[in-house]
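**Q**
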Amino acid sequence: MEIRGNYHTHSTFCDGKNTIAEMAEAAFHAGATHLGFSGHIDPGVLMQDIPGYFREVDRLRAAYAGRMHIFRGIELDNAYKRSCADSAEYIIGSTHFIPVQGSPVWENTMPIGNGAAKNEEERIKELGLICVDNTAEILHEGCKHYYDGDYYRMAADYYRFESMVVERLQPTFIGHFDLITRFNDLPAEESGHFLDETDARYLKPAEEAMEKLAAAQIPFELNLGALNRGRKKEPYPRIELLKYLHTLGGEIIVSSDAHDRDHIFGGFGEGIAALRKAGFDHVLILVREKTGRPAANTCQDADYFSCDQKSKPLYWREIEI
Numbered sequence: 001m002e003i004r005g006n007y008h009t010h011s012t013f014c015d016g017k018n019t020i021a022e023m024a025e026a027a028f029h030a031g032a033t034h035l036g037f038s039g040h041i042d043p044g045v046l047m048q049d050i051p052g053y054f055r056e057v058d059r060l061r062a063a064y065a066g067r068m069h070i071f072r073g074i075e076l077d078n079a080y081k082r083s084c085a086d087s088a089e090y091i092i093g094s095t096h097f098i099p100v101q102g103s104p105v106w107e108n109t110m111p112i113g114n115g116a117a118k119n120e121e122e123r124i125k126e127l128g129l130i131c132v133d134n135t136a137e138i139l140h141e142g143c144k145h146y147y148d149g150d151y152y153r154m155a156a157d158y159y160r161f162e163s164m165v166v167e168r169l170q171p172t173f174i175g176h177f178d179l180i181t182r183f184n185d186l187p188a189e190e191s192g193h194f195l196d197e198t199d200a201r202y203l204k205p206a207e208e209a210m211e212k213l214a215a216a217q218i219p220f221e222l223n224l225g226a227l228n229r230g231r232k233k234e235p236y237p238r239i240e241l242l243k244y245l246h247t248l249g250g251e252i253i254v255s256s257d258a259h260d261r262d263h264i265f266g267g268f269g270e271g272i273a274a275l276r277k278a279g280f281d282h283v284l285i286l287v288r289e290k291t292g293r294p295a296a297n298t299c300q301d302a303d304y305f306s307c308d309q310k311s312k313p314l315y316w317r318e319i320e321i
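All residue numbers for the sequence shown refer to the numbering used here, where the first residue is 1 and numbers rise by one.
1. I'd like the span of the beta strand (DSSP E) that includes His282, first residue to last.
2. Ignoring anything shorter than 3 residues, give me the beta strand (DSSP E) runs that lie fully in the stretch 243-284, in order along the chain.
3. Taking a contact to mean a Cβ-Cβ separation below 8 angstroms, would you say Asn6 touches Ile218 in this structure?
4. Would you report the Cα separation of Lys125 and Ile174, rounded to the nearest angstrom?
5. Suppose the cutoff is 7 angstroms on Cβ atoms and the five residues either side in sequence are ignored; what does the same chain contact list for Thr109 look like?
6. Looking only at DSSP bridge pairs, what is Cys131 linked to?
7. Only counting the same chain, and skipping five residues up and downstream in sequence, which positions put a Cβ closer than 8 angstroms to that of Glu208?
8. Gly36 to Pro99, Cα distance in whole Å?
9. How close, in whole Å, do the beta carbons of Ile70 and Leu60 come, if the pair is a contact with beta carbons under 8 angstroms?
10. Output yes or no for whether 8 angstroms exceeds the beta carbon distance between His176 and Ser256.
11. For His34, count neighbouring Cβ atoms within 10 angstroms of its own Cβ and tell me buried if that reaches 16, exposed if not.
12. Could you spell out the range, first to last residue, of the beta strand (DSSP E) harbouring His34?
13. Given a threshold of 16 other Cβ atoms within 10 Å of its Cβ, counted over all protein chains shown, does Asp178 qualify as buried or as exposed?
14. Any chance the stretch 242-254 sits against the stretch 265-284, with 3 or more Cβ pairs inside 8 angstroms?
15. Can Ala322 and Leu242 be called in contact, C-beta distance under 8 angstroms?
16. I'd like the ranges of any alpha helix (DSSP H) spanning at least 4 consecutive residues and lying wholly in the stretch 161-218.
17. Which stretch, first to last residue, makes up the beta strand (DSSP E) that contains Leu60?
18. Quick check on Ser103: buried or exposed, where buried means 16 or more other Cβ atoms within 10 Å of its Cβ?
19. Per the DSSP calculation, Tyr90 is bridged to which residue(s)?
20. In angstroms with no decimal places, state the Cα-to-Cα distance between Leu186 and Leu227.
21. Here's the rule I'm using: 16 or more other beta-carbon atoms within 10 Å means buried, otherwise exposed. How should Gln48 be labelled?
22. Between the alpha carbons of Gln309 and Asp86, how many angstroms are there, rounded?
23. Classify Ile321 as helix, strand or coil using the three-state DSSP reduction.
24. Leaving out the 5 sequence neighbours to the left and right, which residues in its chain are closer than 8 angstroms to Gly52 when beta-carbon positions are compared?
25. Mapping the DSSP letters down to three states, classify Lys118 as helix, strand or coil.
26. Could you say which of Glu121, Ala200 and Asn223 lies nearest to Ala156 if we only look at CA atoms?
27. If we ignore side chains and look at the alpha-carbon of each, how far apart do Ile3 and Met154 end up?
28. Could you tell me if Ser11 is buried or exposed, where buried requires 16 or more neighbouring beta carbons within 10 angstroms of its beta carbon?
29. How far does the alpha helix (DSSP H) with Phe13 in it extend, from its first residue to its last?
30. Rounded to whole angstroms, what is the Cα-Cα separation between Lys204 and Glu240?
31. Under a three-way DSSP split, which group does Gln309 fall into?
Pasting the structure below:
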């Protein structure tokens with residue numbers, strides 16, 4: 001069965017290139033039945049008008065009623081408090097940063113607006129965070145400064161922090177698990193190939209984090225963003241980790257991580273092929289129609305969200321691949 005749902009998309013409210021209306025129109029014409037918006041809340045890409053974002057998603061939700069289901073989500077970084085995503089229907093729990101030794105972020109998630117930094121770069125530096133999703137130069141400089149150039153030790157800290165994403169954020173699903181490898185497929189002369197992703201020094205910390213997260217029975221995202229933009233040769237997580245997730249009984253939701261309307265379903269074919277190779281025979285989509293499996297940590301969980309009365313409970317539906 002063809003997948004016609006995508007829940008990781010960005011717009012001009014954060015770092016996307018197209019408006020929410022333009023993204024919705026492109027998704028509808030591509031045959032989408034379910035579309036989720038997931039504006040960034042992280043120290044590097046922080047939406048400036050979160051209420052306006054929710055209002056626009058709700059406006060489009062009403063406009064497409066009966067034709068396409070639209071959901072208001074948030075991609076929440078592991079550094080922030082879950083309460084930053086109040087009024088979202090679902091949360092993608094993502095790790096874009098590594099807290100260095102002594103960073104307060106290891107112990108405490110932070111609210112929006114916390115800290116005395118005058119801009120985001122100062123804020124990131126003040127909090128002792130290395131961004132793994134900005135530029136290769138920033139990542140390499142952080143490794144050199146804080147880890148004496150030991151990328152495996154840095155990766156181990158990334159996965160130690162990633163392993164906390166469920167207990168810290170209670171996400172609906174886990175975003176781009178191995179994002180630390182974003183620049184690894186670049187040629188060596190362009191600052192790539194700094195990790196051997198088949199080396200036990202890399203895989204063991206990743207597998208240990210995956211074990212902890214999979215035990216919480218929260219689905220992982222097969223993220224196609226770097227693949228469909230030509231930055232990587234494989235989706236997140238890569239094939240070895242996908243195979244390991246399958247042995248753990250983990251579940252998968254497929255997302256394009258689209259930042260423009262041309263990539264709404266970018267990479268889905270390659271992603272499904274990778275999942276089949278790893279042993280998966282189905283994926284999940286998020287729906288409002290009642291099924292036998294409520295989606296945890298979504299708008300029906302009053303302890304986590306303060307959704308308005310227009311929100312309905314969300315459920316997981318299995319789609320064979």
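Note that CB positions come from ideal geometry on N, CA and C, so glycine has one too.
**A** Checking against the coordinates, here is how it stands:
1. Counting from one through the sequence shown, the residue named residue 282 turns up at place 282. It spans His282 to Val287 - the beta strand (DSSP E) in which His282 sits, taken as one unbroken run.
2. With a minimum length of 3 residues, the unbroken runs of beta strand (DSSP E) contained wholly in the stretch 243-284 fall at 252-255.
3. If you number the sequence shown from 1, residue 6 lands on position 6. If you number the sequence shown from 1, residue 218 lands on position 218. The answer is no: Cβ separation not under 8 angstroms.
4. Residue numbering aside, residue 125 sits at position 125 when the sequence shown is read from its first letter. Residue numbering aside, residue 174 sits at position 174 when the sequence shown is read from its first letter. C-alpha separation (whole angstroms): 26 angstroms.
5. Residue mapping note: residue 109 aligns to position 109 of the sequence shown, counting from 1. The beta carbon of Thr109 sits closer than 7 angstroms to the beta carbons of Ala79, Tyr80, Lys81 and Arg168 from its chain, once the five residues preceding and following it are set aside; these are given in chain order.
6. One-based indexing of the sequence shown puts residue 131 at position 131. Answer is Phe97.
7. Here residue 208 is taken as the residue at index 208 of the sequence shown, counted from 1. Cβ within range, chain order: Tyr159 and Ser163.
8. Residue 36 sits at position 36 when you count from the first residue of the sequence shown. Residue 99 sits at position 99 when you count from the first residue of the sequence shown. Distance between the alpha carbons of Gly36 and Pro99 is about 29 angstroms.
9. Locating residue 70 in the sequence shown gives position 70, counting from the first residue. Locating residue 60 in the sequence shown gives position 60, counting from the first residue. The beta-carbon distance between Ile70 and Leu60, rounded to whole angstroms, is 5 angstroms. This is short enough to meet the 8 angstroms contact definition.
10. Your numbering for residue 176 matches position 176 in the sequence shown. Your numbering for residue 256 matches position 256 in the sequence shown. No.
11. If you number the sequence shown from 1, residue 34 lands on position 34. The residue in question, His34, is buried, as its Cβ has 16 or more Cβ neighbours within 10 Å.
12. Here residue 34 is taken as the residue at index 34 of the sequence shown, counted from 1. His34 to Ile41 is the extent of the beta strand (DSSP E) around His34.
13. Here residue 178 refers to the residue found at position 178 when the sequence shown is read from its first residue. Burial call: buried.
14. Contact holds between the stretch 242-254 and the stretch 265-284, because three or more Cβ pairs, one in each stretch, are under 8 angstroms apart.
15. The structure shown has nothing for residue 322, since the chain only spans 1 to 321.
16. When DSSP assignments are scanned along the stretch 161-218, the uninterrupted stretches of alpha helix (DSSP H) that are 4 or more residues long and fall wholly within it turn out to be 165-169 and 200-215.
17. Here residue 60 refers to the residue found at position 60 of the sequence shown. First-last for Leu60: Ile50 to Ala63, but that is the alpha helix (DSSP H), not the beta strand (DSSP E).
18. Translated into the one-based positions of the sequence shown, residue 103 becomes position 103. Answer is buried; the Cβ neighbour count reaches 16.
19. Indexing the sequence shown from 1 puts residue 90 at position 90. According to DSSP, which records beta bridges pairwise, Tyr90 is partnered with Gly73.
20. Along the sequence shown, one-based indexing puts residue 186 at 186. Along the sequence shown, one-based indexing puts residue 227 at 227. When the Cα atoms are used, Leu186 and Leu227 turn out to be separated by approximately 13 angstroms.
21. Here the question's residue 48 lines up with position 48 in the sequence shown. Result: exposed.
22. Looking up residue 309 in the sequence shown gives position 309. Looking up residue 86 in the sequence shown gives position 86. Low confidence applies here, because Gln309 scores a pLDDT of 44, under 50, leaving its location unreliable and the question unanswered by this model.
23. Translated into positions along the sequence shown, residue 321 becomes position 321. In the three-state scheme derived from DSSP, where H, G and I count as helix and E and B as strand, Ile321 is classed as coil.
24. Here residue 52 refers to the residue found at position 52 of the sequence shown. Same-chain partners within the cutoff: Phe13.
25. Residue numbering aside, residue 118 sits at position 118 when the sequence shown is read from its first letter. Legend: pLDDT at Lys118 = 48, less than 50; position of this residue unreliable, no value from coordinates given.
26. Along the sequence shown, one-based indexing puts residue 156 at 156. Out of Glu121, Ala200 and Asn223, Ala200 has the C-alpha closest to the C-alpha of Ala156.
27. Residue numbering aside, residue 3 sits at position 3 when the sequence shown is read from its first letter. Residue numbering aside, residue 154 sits at position 154 when the sequence shown is read from its first letter. Using only the alpha carbons, I get a separation of about 36 angstroms.
28. The count along the sequence shown starts at 1 and reaches residue 11 at position 11. Classification for Ser11: buried.
29. To locate residue 13, count along the sequence shown from 1; it is residue 13. Here Phe13 belongs to no alpha helix (DSSP H), and DSSP marks it neither H nor E.
30. Numbered from its first residue, the sequence shown carries residue 204 at position 204. Numbered from its first residue, the sequence shown carries residue 240 at position 240. Annotation: Lys204 to Glu240 spans about 11 angstroms, alpha carbon to alpha carbon.
31. As a position in the sequence shown, residue 309 is number 309, starting the count at 1. Interpretation of Gln309 is limited by its pLDDT of 44, a score under 50 that renders its predicted location unreliable; no figure is taken from the coordinates.
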